[in-house]
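What follows is one structure encoded as structure tokens, with my remarks underneath.
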Amino acid sequence: MDRTGYGGADSGAEEPGGAVGGPPLSKGVVRPDRRVTMRRLSVPDDVAALARHVWIPRWDLPAGEVLTQPVLEYPGANVVIEPVSAALYGPQRGLSTIDLRGRSWGVGILLRPAAGTILTGRPMDEIAGAVHDVPGSGRLVPAVRTVMAGETADPGPAVDTAVDDAVVTLVAEWLRQFVLDDEGLLINAIVDAVESDATLVRVADIAARFALDQRRLQRICRRRIGYSPKWLINRRRLQEAATVLRDAPHAPLADVAQELGYSDQAHFAREFAAVIGTPPGAYRAQTGG
1430 MDRTGYGGAD SGAEEPGGAV GGPPLSKGVV RPDRRVTMRR LSVPDDVAAL
1480 ARHVWIPRWD LPAGEVLTQP VLEYPGANVV IEPVSAALYG PQRGLSTIDL
1530 RGRSWGVGIL LRPAAGTILT GRPMDEIAGA VHDVPGSGRL VPAVRTVMAG
1580 ETADPGPAVD TAVDDAVVTL VAEWLRQFVL DDEGLLINAI VDAVESDATL
1630 VRVADIAARF ALDQRRLQRI CRRRIGYSPK WLINRRRLQE AATVLRDAPH
1680 APLADVAQEL GYSDQAHFAR EFAAVIGTPP GAYRAQTGG
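If you're matching positions, the sequence shown starts at 1430 in this note's numbering and goes up one per residue.
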């Protein structure tokens, strides 16, 4: 697998299985492809402040074909283990891409905003957009590869839950060596609020919600996610926009813009095209919406 960025890059079609009550969901992938199957697995509660979920993609492409999948980053790093490589990937500012070839798999850990600085001991504005060694990996990487090597070659709808459970157990054991801090809890809460509350459309709104002055909010976001609070707002709106454009083909673009808190349709169209590379209407047509 080749990539220019890997933050939040759990792409592909949802595969049955995962956590009780349904697998965790992701809005990061911009152009899902049914030839990439994805299992998203919840992590235990005691490490949930450090990781959103584990994601396991598999793909099988014809010889010579390259499948490029664009991704809108979540505000957290990813650890990705593959058969011959393993690394921590900081989130990209804009749209990142992953190139898939041949037949293979990956095991990803989508980290929470708190985790990057805790794992690396460095502020995230030094980590974002770059590739790093997996911190404190120890036996994690070889153990995951051993578990994945024991999975059936083509699990299809019959998901090997024993493999899932073993991978999640290894990830949880690895995460338990890291200690959460108060600022980590705060940045998790800030990101959760922005992602879940569409009324937070200005930096001042976030600062007021958490009783922070805007300068301190800016510093915390830069240190713990690598980007500004405005980036958080824009990323949430663009992820929502891409999802709505795919899933609601008849929704007027003006209504989509209004629902997402844009001042007008033109502002929405400019921002969407600047990051995604395609105007909203063309994107909707290309993705089957």
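Backbone N, C-alpha and C fix where the C-beta goes; we use that ideal spot for every residue, glycine too.
- If you keep only unbroken alpha helix (DSSP H) runs of at least 4 residues inside the region 1565-1623, you get 1569-1578 and 1590-1604.
- Contact annotation: Leu1604 and Asp1562 have beta-carbon atoms that are not nearer than 8 Å.
- By the C-beta density criterion, Thr1590 is exposed, having fewer than 16 other C-beta atoms within 10 angstroms.
- By the CB criterion at 8 Å, Leu1479 and Leu1540 fall inside the cutoff.
- The bridge partners DSSP lists for Trp1488 are Val1465 and Ser1533.
- In the structure shown, Arg1481 falls within a strand segment according to DSSP collapsed to helix, strand and coil.
- Three or more beta-carbon pairs drawn from the region 1481-1493 and the region 1530-1539 are found closer than 8 Å, and the two stretches are therefore classed as touching.
- Pairing Leu1524 with Ile1705 gives a Cβ-Cβ distance under 8 Å.
- In the DSSP assignment, Pro1709 falls within the alpha helix (DSSP H) that extends over Pro1709 to Gln1715.
- Listed as beta-bridge partners of Leu1540 by DSSP are Ala1480.
- Counting other Cβ atoms within 10 Å of its Cβ, Leu1599 reaches 16 or more and is therefore classed as buried.
- For the options Gln1521, Gly1579, Glu1602 and Ser1625, the alpha carbon positioned closest to that of Tyr1503 is the one of Gln1521.
- In the DSSP assignment, Ala1516 falls within the unbroken beta strand (DSSP E) covering Ala1515 to Tyr1518.
- The alpha-carbon of Ile1538 is positioned some 12 Å away from that of Gly1519.
- Note that the region 1696-1712 touches the region 1666-1683; at least 3 beta-carbon pairs, one per stretch, sit closer than 8 Å.
- If you check the CB distance, Pro1564 and Thr1575 do not come in under 8 Å.
- Contact annotation: Asp1554 and Arg1713 have beta-carbon atoms that are not nearer than 8 Å.
- Under a 10 Å Cβ-count criterion, Phe1697 is classified as buried, with 16 or more other Cβ atoms of the shown protein chains found around its own Cβ.
- Taking a contact as a CB-CB distance under 8 Å, the pair Asp1462 and Leu1496 counts as one, their CB atoms being some 6 Å apart.
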